[in-house]
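Residue numbers (my numbering): 3 to 160.
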């Protein structure tokens, strides 16, 4: 029978083979492994009570950090279940909701000021084409955003 750490390594190799970065999961999974080993458990002991005790939000962590930590363990449990190991898989509804923030909307005056500063850039020795590229890039981003929001009110850049 494999050790818990070997199952984690196999899952990380699998995730890498389909294009994910090992770094996305490795840190949190090693912490989960230490938690399981400290409790003297193995892969067959991953029942709901044990898994959920790991998933409770820690006092020192943000909602985003908790979500990342739980998501990493959820991916491991899904992998273990897929290879035939009976374990509790955290439902996606259990994950803390991602924090949403209201985007800042620039006023027409602020946009005009940004475009003017960009247009007034001078050639730079370290980046000789910056004064040409940044104004075009900024306008491209601005107009794509206008099109995506179907706003049509894009006169601030003209």
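By construction, the Cβ of each residue, glycine as well, lies at the ideal position given by its N, Cα and C atoms.
At the level of alpha carbons, what is the spacing between residue 97 and residue 120?
Working through the chain shown from its first residue, we reach residue 97 at position 95. Working through the chain shown from its first residue, we reach residue 120 at position 118. Distance between the alpha carbons of residue 97 and residue 120 is about 42 Å.
Just verifying my parser: in three-state terms, what is the DSSP assignment at residue 59?
To locate residue 59, count along the chain shown from 1; it is residue 57. Residue 59 falls in the coil class under three-state DSSP.
Cα-Cα separation between residue 35 and residue 10, rounded to whole angstroms
In the chain shown, the residue the question calls residue 35 occupies position 33. In the chain shown, the residue the question calls residue 10 occupies position 8. In a straight line, the C-alpha of residue 35 is about 8 Å away from that of residue 10.
Just to confirm the assignment, what range does the alpha helix (DSSP H) spanning residue 37 have?
For the purposes of this step, residue 37 is identified with residue 35 of the chain shown, where counting begins at 1. Looking at the DSSP string, the run of the alpha helix (DSSP H) that includes residue 37 is 28–40.
Mapping the DSSP letters down to three states, classify residue 13 as helix, strand or coil.
Numbered from 1 along the chain shown, position 11 holds the residue referred to as residue 13. Reduced to three states, the DSSP call for residue 13 is helix.
Taking 7 Å as the threshold (C-beta atoms), are residue 139 and residue 133 in contact?
In the chain shown, counting from the first residue as 1, residue 133 sits at position 131. In the chain shown, counting from the first residue as 1, residue 139 sits at position 137. Not in contact: residue 133 and residue 139 (Cβ atoms no closer than 7 Å).
Pull up the distance between the alpha-carbon of residue 203 and that of residue 118, whole angstroms please.
Lying outside 3 to 160, the shown extent of the chain, residue 203 is not represented and no answer is given.
Counting only runs of 3+ residues fully inside the stretch 62–88, write out the beta strand (DSSP E) ranges in chain order.
none
Contact defined as beta carbons within less than 8 Å: I believe residue 63 pairs with residue 27. What is the distance between those atoms, to the nearest angstrom?
Position 61 of the chain shown, counting from 1, holds the residue named residue 63. Position 25 of the chain shown, counting from 1, holds the residue named residue 27. Rounded, the Cβ-Cβ distance is 17 Å, inconsistent with contact.
With a CB to CB cut of under 6 Å and the five nearest residues on each side skipped, what residues in its chain are close to residue 13?
For the purposes of this step, residue 13 is taken as residue 11 along the chain shown, with counting starting at 1. Only 78, 81 meet the Cβ criterion.
Extent of the continuous alpha helix (DSSP H) to which residue 113 belongs
The sequence position of residue 113 within the chain shown is 111, counting from 1. Note, residue 113: alpha helix (DSSP H), 110–121.
Taking 6 Å as the limit between beta carbons, can you name the residues of its chain near residue 32, skipping five residues before and five after?
Indexing the chain shown from 1 puts residue 32 at position 30. Within the same chain, residue 32 has no close Cβ partners at all.
According to DSSP, is residue 43 helix, strand or coil?
For the purposes of this step, residue 43 is taken as residue 41 along the chain shown, with counting starting at 1. Note: residue 43 maps to coil in three-state DSSP.
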